[in-house]
Each structure stands twice: as C-alpha cells, then as structure tokens.
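Residue numbers (this note's numbering): 134 to 505.
Presented below is the structure to which this report refers.
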Amino acid sequence: MPSSPDPVPLDPAVASALDRAIDDRAEDAFGFLERLVAAPSPVGLEMGAQQVVRDELDRLGFLTSVLPIPGDIAADPVAGVPQQAYAGRGNVIGHLAAGTGPSLLLNGHIDVVPAEAALWSAPPFQPVRRDGWLAGRGAGDMKGGFALASLALGALQAAVPGWLRGELSFASVIEEECTGNGTLAAARAGVLADAAVLLEPTDLGLLLGGVGILWAEVTVRGLPAHAESAHRAVNPVDSAWRLIDAVRSLEKQMALQLDGPFARVDGACTVNVGTFHAGDWPSSVPGQAVLGVRVRTRRWSGWRTPWPSRRRPTPGSRSTRRRCARRVSGPRGTCSTGDTRWRPRWPPRTRRRTGSRPGSSCWAAPRTRGST
Ligand SMILES: [Zn+2]
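In structure tokens:
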C-alpha cells in the first residue's frame, strides 16, 4: 500500500480564520444536535431524524436524496438479518463535488439504541443542556458526530476558499446498531470514496480498526409445572445460568486467539447477555427462558470456533445447521439461514443421563449480524 502523504501544514492565518468560523457556528451546531436528539430514532423510527439531517445537508449545499434499503438485502452474503421491514425507511445521502481530486465519504448512523426511560433523570429524547454538555439519547453516539461534521464543513466553506477539490459524500445510515444493512445498501448503491471517515465519538482519537458484533437468541426449554411440583419439574432459569457460564467462557477462548493491536485492547472480546425473559407467574415453573446475547470480537477471517469442525458441511445438512449454530458464537456470523434452528443438548452429559426427559434442551437461532 502506498504510504500516506504527510499532512500539509496549515497556514496560521487560515487556522485562525477556521477557529473564528468554528466559534461563530458553535451555537448553530448545538441547535442542530438538539433537533437531532429531539427526533427519536430507534430502529424502525429513523425517518424523522433523517429529515433533520437532510435539511442540514441541504443548508450546506449538498445534493440530497433518500436511498431505500433493498427488500432483498438479506440475501446478500454479508448482510445482517433484518430486524424490521424496510418500507418507508432508508439512508439519507448527500453529494457535493468540485474538481477532480480524491473523494471522501463521511458516514454516520442515525439509529440509537432503546432508552430505559424510567432510569433517566429527564425524558431521554428531550435534549438538556448542563454545564456546556448536551444530554439525551444519542447525543454522544452518534448524533454529536453529525453536529461536528456540520460544524467543520460550515467553517471550511466560510474560511477556506476553494476548500473542496474533489467529491464529498455524506451517508446518514440506518441499522448500524444491529445489522449494518444501511451502510451495506449505500455501498451497494455506489456511495463509496477514496477514503471514509466514520463520525463515531472517539474523544478525538483516530481509530483505524473495528470489532465485529454478532447477536444470537438462545431459547432454553424446561419442563413447566406449578411451583408446588417444582422438585419434579425442570426450571429453564436454572439451566440458563449454566448456559450463561458456558457462554462467558467464550470470552477467554476468543481472547487467547487475539494478536497484534487487539491483544492490547481491554475487552476486545466480550460476550454480553443483554436480555433475559422467562415466565409470567411467580408460582409457576416457566416453560422456557430466552436470552439475547451479543458477542463482540475482532474481525479476522482466520478466527476459528472453539469447536473442531470434522467435515465440510453441505447445505441443508445437519452438519450445516451445526456449523451455523457454531457461528452464532463466532465473529463472522456468516450464517445466512436466518431460520436455522439448532438443538444442542445442554449440558450434553446431563441430557444423556436423563434419557428422553424434555428439560434442559436449548436451541440457538442466528438473528442478525452487526458492524461496529
Ligand atoms: Zn455508534
């Protein structure tokens, strides 16, 4: 790869002009961020906030459009499993061009993760200013990135004549927090460039790598009964604890395979149980427990699952299903058969000893695969 050119020293007069232009526009950027935070954008409800982004890009002179997510994107081998239908949802794309120099793409995600409103001191989508900071769901990750991009572009336009010498694209994408299909759709539509900057919050650090994210949903089935017969039942909550212990052991196994810069990153591989649902009545032994698990690991095609692969699976075969299930716990998560079910026995020896007892079995289903 060619080495990066040395940065061009900034003329002190230009630097001062940029500083002034930034100061002059800081309040406007804050206002833009407040409008963004006030437009809730969890998965499925992004378009109100997308319109706020589009209005801002229009103001900056971009040629803007809404790029729909293709309905068949799930068939793409690198797509995540869609969480919701894509009708009426999409990316906002902006283009600005001048000259034939190198092209640049600014990419940010408009979606935010859900907020547990009862735990907030103020409604999460009501922006609140405190001591020069703005609080609200998504203010940091990553609507603040949109505001700073707008601030930087506005300042460049005002202070540096001829600042743009190539094509500048802006992609406000959906579903970064889960599937990554928004950015995938943009890339498939040709929204690409010689270089790209992700507008994620990094405390002004330059991050040159990223981790892979995989979601899995695991159902642990038990043998339900009234609580008075609990000694004859199989409580899937109890079984789930053992499963969680085993899933957590994946962290250690994956960490042992890290090398290079990732080996020095705390928590480069984490396995998080983010949701746990079981039962509907304190006096009943529930029939099943459902866990939502997030696996975070480095992206590396050479990563191997902790389980040995004995033979090459064929599509639709039992071993294919097992391979897919293994990938639920792997970093690539390339299983595209979203409806695949796997029924490992858990724990294997316990099941064998108890014969055909229906308790303590579980199945794992790949749900989606995210990006960074
Ligand atoms: Zn983010």
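Just so it is clear, CB atoms sit at the ideal spot from N, CA and C, and this is done for glycine as well.
Note that the coordinates shown come from a computational prediction; the quantities given were computed from them, not determined experimentally.
With DSSP as the reference, identify every bridge partner of residue i, one or two as the case may be.
{"i": "F258", "result": "None, per the DSSP bridge assignment."}
{"i": "F395", "result": "Answer by DSSP bridge pairing: none, since F395 is not bridged."}
{"i": "S417", "result": "H359"}
{"i": "R266", "result": "Residue identity check: residue 266 is Trp in the sequence provided, not Arg. DSSP output for W266 lists R263 as bridge partner(s)."}
{"i": "P145", "result": "According to DSSP, which records beta bridges pairwise, P145 is partnered with nothing at all."}
{"i": "I100", "result": "For the chain, the structure presents residues 134 to 505; residue 100 sits outside this window and is missing."}
{"i": "L389", "result": "For L389, which the question treats as bridged, DSSP gives no partner whatsoever."}
{"i": "I226", "result": "S198 and A304"}
{"i": "T403", "result": "R429"}
Consider the C-beta atom of residue i and the heavy atoms of ligand 1; say whether any pair is separated by less than 7 Å.
{"i": "E333", "result": "yes"}
{"i": "M275", "result": "yes"}
{"i": "H242", "result": "yes"}
{"i": "E179", "result": "no"}
{"i": "E160", "result": "no"}
{"i": "E308", "result": "no"}
Let me make sure I understand the geometry here. Which of the options has the alpha-carbon closest to that of residue i?
{"i": "D244", "options": "A388, W348, P145 and E309", "result": "E309"}
{"i": "G323", "options": "G338, D336, T335 and A304", "result": "A304"}
{"i": "R506", "options": "C402, A363, V423 and P394", "result": "For residue 506 there is no data in the structure shown, the boundaries of the chain being 134 and 505."}
{"i": "G407", "options": "V428, A218, R222 and A360", "result": "V428"}
{"i": "L357", "options": "D371, G313, L284 and P257", "result": "It should be pointed out that residue 357 corresponds to Pro in this sequence rather than to Leu. With distances taken between Cα atoms, P357 lies closest to D371."}
{"i": "V344", "options": "L281, K385 and P394", "result": "P394"}
{"i": "A396", "options": "K385, A288 and L151", "result": "K385"}
{"i": "L239", "options": "P215, V214, A212 and S283", "result": "S283"}
{"i": "L169", "options": "V147, P215, G420 and A268", "result": "A268"}
{"i": "G204", "options": "D413, A329, V293 and L317", "result": "L317"}
{"i": "P201", "options": "G342, G287, V211 and G315", "result": "G315"}
{"i": "N405", "options": "V426, L301, L341 and G213", "result": "V426"}
{"i": "A146", "options": "V293, V367 and Q390", "result": "V293"}
{"i": "G181", "options": "G221, P142 and V214", "result": "G221"}
{"i": "L193", "options": "T352, G342 and Q290", "result": "Q290"}
{"i": "R302", "options": "G234, Q216, F195 and L178", "result": "In the sequence on display, residue 302 carries Ser and not Arg. Closest by alpha carbon: F195."}
{"i": "A422", "options": "A230, R158, A379 and T352", "result": "T352"}
{"i": "R321", "options": "L331, A212, P257 and E333", "result": "A212"}
{"i": "I377", "options": "E350, D399, T233 and V367", "result": "E350"}
{"i": "G223", "options": "E179, V418, L331 and D274", "result": "E179"}
Determine the burial state of residue i: buried for a count of at least 16 other Cβ atoms within 10 Å of its Cβ, exposed for fewer.
{"i": "R354", "result": "buried"}
{"i": "D144", "result": "exposed"}
{"i": "W348", "result": "buried"}
{"i": "H359", "result": "exposed"}
{"i": "A148", "result": "exposed"}
{"i": "R153", "result": "exposed"}
{"i": "H242", "result": "buried"}
{"i": "V246", "result": "exposed"}
{"i": "F409", "result": "exposed"}
{"i": "A231", "result": "exposed"}
{"i": "L389", "result": "exposed"}
{"i": "E167", "result": "buried"}
What runs of the alpha helix (DSSP H), each 4 residues or longer, lie entirely inside the stretch 271 to 343? 277 to 292 and 314 to 321
Continuous beta strand (DSSP E) assignments of at least 3 residues falling wholly in the stretch 189 to 224: 196 to 201
With a floor of 4 residues, list each alpha helix (DSSP H) that falls wholly inside the stretch 348 to 381, ordered by position along the chain. none
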